[in-house]
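Data first, discussion second: the structure below is written as C-alpha cells.
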Amino acid sequence: MKRFECGTLVPGCEWHTRAEDEAEVVRRAVEHMRGTHGEEVIHPKMVEHIKERILDDQQAAAANQD
Ligand SMILES: [Zn+2]
3 MKRFECGTLV
13 PGCEWHTRAE
23 DEAEVVRRAV
33 EHMRGTHGEE
43 VIHPKMVEHI
53 KERILDDQQA
63 AAANQD
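What follows is the structure, given as C-alpha cells:
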C-alpha cells in the first residue's frame, strides 16, 4: 500500500489517502488538490511534490508509533 498525507504538502490539511499503487494515490491527490485547494491547473511540479511525499503504508504506520 502507498499513502499520501496532504498535510506534508499543504500545512494544516488533514486529508490523506491510501491505494495499492502510486499512480492511484497521485490520481486521488490531484483530485483532492482540485476539489479542496482550488488548484485548477495541476503543474508537473505539483505531481512531483506529491510523488516525493508518497510513503509505503508500513513506513507510515511505523512513524506513527513514536
Ligand atoms: Zn489537502
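Residue numbering for the sequence shown follows my numbering, starting at 3 and increasing by one per position.
Backbone N, C-alpha and C define an ideal beta-carbon position, used for all residues, glycine too.
Here the structure is a predicted model, which is why all the values come from computation and not from measurement.
Separation of residue j from residue i, as counted between CA atoms
| i | j | result |
| --- | --- | --- |
| residue 4 | residue 40 | 24 Å |
| residue 56 | residue 47 | 15 Å |
| residue 32 | residue 14 | 17 Å |
| residue 7 | residue 16 | 7 Å |
| residue 52 | residue 23 | 14 Å |
| residue 37 | residue 60 | 28 Å |
| residue 35 | residue 43 | 9 Å |
Local conformation of residue i per DSSP, three classes
| i | result |
| --- | --- |
| residue 51 | helix |
First and last residue of the uninterrupted alpha helix (DSSP H) at residue i
| i | result |
| --- | --- |
| residue 38 | 24-39 |
Residue i classed as buried or exposed, judged by whether at least 16 other C-beta atoms fall within 10 angstroms
| i | result |
| --- | --- |
| residue 28 | buried |
| residue 25 | exposed |
Extent of the continuous beta strand (DSSP E) to which residue i belongs
| i | result |
| --- | --- |
| residue 45 | Here residue 45 belongs to no beta strand (DSSP E), and DSSP marks it neither H nor E. |
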